[in-house]
Amino acid sequence: MSDAELKIDEYQLLSCIASGGQTQIWEVSIPGSPETLAMKLLLADAFAKSAERAVIKHEAKVGKSLEHPNVLPIIKYVKTKQNAYLIMPLFRSANLKNFIAADHIGVQVRFRKLFESTCLALGHMHEKGWIHRDIKPDNILLNKASEVRLIDFSLSTRVVSGVGKLLAGKAKTIQGTRTYIAPETIRKQTPSPQTDMYSLGITMFEALTGRPPFMGMHPQELLKKHIASRAQAPSEFNPNVTPEMDLLIAKMLKKKPKDRPESMQEIYTEFRNIKAFREEVQEVGKPSEEEQLTEEASLETRLDSRTDHIRSEATRKNPELAKTLQTEPTRQRPVLQVQIVGDETTDQQVAPAPAAPLTQHIAAAGQPAGVAPPPPMAPAPPPVVAAPIAPPPMAVPQNPAVAPDPQAPPMVAYGQGVAPAQPQPGQPVPQPPTPPAPQPVPPVAQVPPGVAAPAAAPPPTPAAPPAAAPPPMLAAPAPQSPPAVAPSDAAGQATPPAVPEPAAQPEAEDMDWMEDLPDVV
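Going from the sequence shown to this note's numbering is simple: count from 1 and add 2.
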């Protein structure tokens, strides 16, 4: 199509929004104006029929008489020699029919606003003396913001009451959509506001359950169900619907108009006082509180991973820092304090304790596990090598049936095994005599009477190591170190020197981290 073909009068046709058998809906604009509008254009074949031209003119008359925020108004009706069309505000949204098919959960989330707004729009029409007569999901617009607009007044008629209702007689034809048509319309009776209530009940039933209450294999079967069949409760198809909502829908679907509510205001008021769903319907795609907490935890994990990456880069550039971070778990490791600002990061090395500079921790990184670090600000002196220490004599339990030999060397305990003490050089090895009668075991091993302690090679006394020097590496330290052997006093008793208590081991660091049928005519 050329630009001339895409222009009707002063309106430029931009895009086709919807198309039907008689009309098309276009998005249009006026050149030089930023505003876009909607045009309901009568197609050429329909324009050739006077009845169709009368219908669109009637719709313009009804629309111009309505002023309500939930009714799409008619701005202008234009008829020329070639075209007839309506100009309306552009309301960007899908109709309820398409919304249910695409996002039924989204419709249920907006159900309260949908029901209330439609009741108010129909109530306004009834107050103005009009009956819509074609309420269905196709003629209700609903957007994501829960805004509602009622459209299409082509079948609307005036409310007839009193004598006029008696003189009106029966309608010549049946007009409406079979799935949503009221029983009195099928019987060709005079329509009333209750006719719109029935069609609205069918529409809201579909919004609650995703399907209409009556379905048939052919048109006549469907019409018979509207007249004679009782509608099932919406909760039979959607268990989340409350009994109060079931009751309200049942009132709207009564077969006789007189059994339905008296006005839309009555329906609106009752709906405001009930809950439609047992449990609140959650919008698809909207995170719940638990999902939000999970997302926050995931963010913290990502930040930790970023910090680990910065730590790795820092240790790669600083080998000394890497050695410090790889020390035994009993030492407190230095940490990297990372500050993240936008896309930039800065890292700062922080010592584990204010009184201990990082250089001291690096110097102490090679110490064995279980040994306390040297005092702060004092370098560790070199260890003093001590002479071999002879084990002290200890009392060994003996068999009570065998007396100890006074000439035998004392027995000394070494961990799990027992071995005889080795004689000093120059001393003869005594032979054990025949065991005498049992004697009590002495509490402490003593030097035999009359035998002086060998003075030729007394065991050297080791020099006391400085308090700050770390003890040598011990494979499996005993609960208490053996004391050094001191010379015997006058009474022959060995006097062991005082031994300092072993340094307390610091605690280990914690490393855990219904395709619609055609209109009835």
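All residues carry an ideal CB built from backbone N, CA and C; glycine is no exception.
Assigned secondary structure, T38 (DSSP; H/G/I helix, E/B strand, else coil): strand
Short Cβ contact (8 angstroms threshold) for M254 with G178: no
Proximal residues to Q267 (C-beta, below 7 angstroms), its chain only, five neighbours per side dropped: G125
Nearest candidate by alpha-carbon position, reference F93, set S156, Q110 and P71: P71
Alpha carbon of R213 to alpha carbon of M247, nearest angstrom: 16 angstroms
Rounded C-alpha distance that separates A40 from N97: 15 angstroms
C-alpha distance - L44 paired with Q14, whole-angstrom precision: 16 angstroms
Whole-angstrom distance between E12 and P33, CA atom to CA atom: 8 angstroms
N- and C-terminal bounds of the alpha helix (DSSP H) containing I204: P195 to T211
Among T25, I176, V30 and V111, the one whose alpha carbon lies nearest that of E149: V111
Touching by the beta-carbon criterion (3+ pairs, under 8 angstroms), the segment 179 to 195 and the segment 258 to 266: yes
N100 - DSSP class collapsed to helix/strand/coil: helix
Alpha-carbon to alpha-carbon, S237 and D154: 31 angstroms
C18 to Q24 span [Cα, whole Å]: 14 angstroms
Nearest to R55 (by Cα), restricted to the options L16, A233, L88 and A147: L88
CA-to-CA distance, A316 to V343, given in whole angstroms: The predicted model places V343 with a pLDDT of 48, which falls under 50 and marks its position as unreliable; any figure quoted below should be read in that light. So the alpha carbons of these two residues sit roughly 18 angstroms apart.
Proximity of S158 and H134 at Cβ, strictly below 8 angstroms: yes
Sequence-distant residues of the same chain with beta carbon closer than 8 angstroms to I142, five excluded per side: N97, L98, L116, T120, V150, R151, L152, I153 and T205
Selected residue, minimal CA-CA separation from V30, among P91, Q191 and K146: P91
Short Cβ contact (8 angstroms threshold) for I137 with E208: no
Which of helix, strand or coil DSSP assigns to R180: helix
Length at least 3, wholly inside the segment 56 to 125: the beta strand (DSSP E) runs in chain order: 78 to 81 and 86 to 91
Rounded straight-line distance, which links the Cα of E322 to that of Q362: Confidence is the limiting factor: at Q362 the pLDDT is only 47, short of 50, which leaves the residue's position unreliable, though a coordinate-based value still follows. If I take the Cα positions, the gap works out to 11 angstroms.
Proximity below 8 angstroms, CB of E272 to CB of N242: no
Through-space distance from I251 to E223, alpha-carbon basis: 22 angstroms
Close-in-space but distant-in-sequence residues of the same chain around K59 (CB under 8 angstroms, 5 per side omitted): Y79, K81 and A86
Which of helix, strand or coil DSSP assigns to R151: strand
Other residues of its chain near I229: CB distance less than 8 angstroms, five sequence neighbours each side excluded: P185, I188, R189 and K257
Beta-carbon proximity check, S201 vs L144, cutoff 8 angstroms: no
Burial state of L210 (16 or more Cβ within 10 Å): buried
Beta-carbon proximity list for E61, same chain, < 6 angstroms, skipping 5 on both sides: F155 and S156
Presumed contact (8 angstroms Cβ cut-off) between A278 and F113, rounded CB distance: 6 angstroms
8 angstroms contact criterion, which I27 and K9 should meet: CB distance rounded: Actually they are not in contact, since the Cβ atoms of I27 and K9 sit about 17 angstroms apart, beyond 8 angstroms.
Straight-line gap, E264 to K130 (C-alpha atoms, nearest Å): 16 angstroms
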